[in-house]
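Worksheet for the structure shown next.
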């Protein structure tokens with residue numbers, strides 16, 4: 001049964017703030033990639049997230065850095081080397097991301113099983 005909380009403006013509601021951070025385009029996917037693969041450079045992140053534009057990836061990285069969820073490590077080499085990693089705060093999301101990953105895998109397996117049964121039944125009807 002859901003807990004009842006006192007009404008708060010969205011600016012005062014911690015859950016609202018967290019959900020707004022996580023629901024941005026590609027944000028959860030980006031965090032999941034960093035969780036699974038560890039510290040990564042921009043180009044590697046861009047390749048790991050099919051369909052994300054450089055502009056959106058840059059925006060998401062900046063937002064997550066400002067929120068203290070990821071760390072941007074800049075080495076003044078030539079060319080400059082920038083690596084992104086989860087902070088302690090970002091690592092706290094690990095169990096949530098792991099639970100989502102497990103759920104996604106379970107749903108995928110269920111969908112595959114349903115699809116397999118449907119294809120089998122369709123083939124059987126065609127043969128009849």
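Residue numbers (full-length UniProt numbering): 1 to 128. Where a beta carbon is used, it is the ideal one built from N, C-alpha and C, also for glycine.
Exercise for review: Starting from the N-terminal side, write out each stretch of the beta strand (DSSP E) that is 3 residues or longer and does not extend beyond the UniProt domain "HTH hxlR-type" (13-112).
Suggested key: 70-75 and 81-86
Check your understanding: Do the segment 46-53 and the segment 95-113 make contact, defined as three or more Cβ pairs closer than 8 Å?
Key -> no
Exercise for review: Pull up the distance between the alpha-carbon of residue 91 and that of residue 113, whole angstroms please.
Suggested key: 33 Å
Review point. Can you tell which of 110, 26, 124 and 66 has the C-alpha that lies nearest to the C-alpha of residue 87?
Key: 66
Review point. Roughly how many angstroms separate the alpha carbons of residue 127 and residue 100, rounded to a whole number?
Key: 40 Å
Check your understanding: What is the C-beta distance between residue 82 and residue 72, in whole angstroms, given that I count them as a contact (C-beta under 8 Å)?
Key -> 6 Å
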